[in-house]
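Enquirer: Mind having a look at this structure? Questions to follow.
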Amino acid sequence: RTVPIITVSGAHSGVGKTKVAEILLRALKGWSALKVTVTHREGKCPARKNCHTCDELKDDFSIIDNKRIIETKGKDTARLKEAGARKVLWLKARPRALGEGLRKVIPLFKRSKGLLIESNSALKYIKPDLAIFVKNRNSLLKPSAKEILNKIDLTVTL
891 RTVPIITVSG
901 AHSGVGKTKV
911 AEILLRALKG
921 WSALKVTVTH
931 REGKCPARKN
941 CHTCDELKDD
951 FSIIDNKRII
961 ETKGKDTARL
971 KEAGARKVLW
981 LKARPRALGE
991 GLRKVIPLFK
1001 RSKGLLIESN
1011 SALKYIKPDL
1021 AIFVKNRNSL
1031 LKPSAKEILN
1041 KIDLTVTL
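When we follow the working numbering, the leftmost residue of the sequence shown carries the number 891, and every step to the right adds one.
Structure, rendered in structure tokens:
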């Protein structure tokens, strides 16, 4: 591995992962960020949102670096960039290809001082230097959160 890695994962969608990532990136000058989205079959959106993220994936994984997409106002990737991330990429992957996608994307950050990864599922494939878990007082854990609890170093309750 080329750079230090911090992961920010969370109990469920909307829990505050990006908020915690923004705070960290403001303090960690020269660090970059990777947003990871694991897609699901059409009609089975885990977030129950009509974002079409899952329908758009043509291959097993895609590394998005298009500035227009990354800097779309209000998107997590734009928030990470605005918080000071040197470089922001978005990895979208089918579950079976997440490991391969991570192996391809992480080396693209070798010129950064470190890498912050916003993802639950990435923890199945990498061992970060620090794994942060975000939850609320009354959070119900989604399945991907339950799977990674034994890998968490620090829990933040918002």
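Heads up, the beta-carbon is just placed ideally off N, CA and C, and yes, glycines get one too.
All of these numbers come straight from a predicted model, not from anything done at the bench.
Using a threshold of 6 Å, is the CB atom of P894 nearer than that to any non-hydrogen atom of the ligand ADP?
Expert: No copy of the ligand ADP occurs in the structure displayed, which carries no ligand at all.
Enquirer: Can you check the stretch 959 to 1011 for any alpha helix (DSSP H) of at least 4 residues that lies completely inside it and give the ranges in chain order?
Expert: Within the stretch 959 to 1011, the complete alpha helix (DSSP H) runs of at least 4 residues are 966 to 972, 988 to 995.
Enquirer: Compute the distance between the beta-carbons of D949 and L979, then report whether it is under 7 Å.
Expert: Taking the first residue of the sequence shown as 1, we reach residue 949 at position 59. Taking the first residue of the sequence shown as 1, we reach residue 979 at position 89. Cβ atoms of D949 and L979: not closer than 7 Å.
Enquirer: Thinking C-alpha only, which one of L1048, T967, L992, P1033 is nearest K1017?
Expert: Looking up residue 1017 in the sequence shown gives position 127. Among L1048, T967, L992, P1033, the Cα nearest to that of K1017 belongs to L992.
Enquirer: Looking at the structure shown, is A923 part of a helix, part of a strand, or coil, going by DSSP?
Expert: Sequence index remark: in the sequence shown, residue 923 carries index 33 (1-based). Strand at A923.
Enquirer: Does S952 come out as helix, strand or coil in the three-state DSSP assignment?
Expert: Indexing the sequence shown from 1 puts residue 952 at position 62. In this structure, S952 counts as strand in the three-state DSSP scheme.
Enquirer: Short of 7 Å in beta carbon distance, which residues of its chain neighbour K926, apart from the five on each side in sequence? Order them along the chain.
Expert: Numbered from its first residue, the sequence shown carries residue 926 at position 36. Residue identity check: residue 926 is Val in the sequence provided, not Lys. For V926, where only same-chain residues beyond five positions count, the Cβ hits under 7 Å are L981, I1007, E1008, S1009, S1011, A1012.
Enquirer: Apart from the five residues on each side of it in sequence, which residues of its chain come closer than 7 Å, Cβ to Cβ, to R976?
Expert: In the sequence shown, residue 976 corresponds to position 86, counting from 1. Result list for R976: G920, W921, S922, S1002, in chain order.
Enquirer: Mind checking which residues open and close the beta strand (DSSP E) that includes A1021?
Expert: Mapped onto the sequence shown, residue 1021 falls at position 131. A1021 -> beta strand (DSSP E) spans 1020 to 1025.
Enquirer: Grab the span of the alpha helix (DSSP H) containing V910 for me, first residue to last.
Expert: Taking the sequence shown and counting its residues from 1, one reaches residue 910 at position 20. Start and end: 907 to 917.
Enquirer: Would G933 be called buried (16 or more neighbouring beta carbons within 10 Å of its own) or exposed?
Expert: Translated into positions along the sequence shown, residue 933 becomes position 43. Interpretation of G933 is limited by its pLDDT of 47, a score under 50 that renders its predicted location unreliable; the figure taken from the coordinates is listed afterwards. Exposed, by the Cβ-count rule.
Enquirer: How many Å lie between F868 and I959 at the Cα?
Expert: Beyond the ends of the chain as shown, which are 891 and 1048, falls residue 868; an answer cannot be given.
Enquirer: How big is the Cα-Cα spacing for V1046 and K1025?
Expert: Here the question's residue 1046 lines up with position 156 in the sequence shown. Here the question's residue 1025 lines up with position 135 in the sequence shown. C-alpha separation (whole angstroms): 6 Å.
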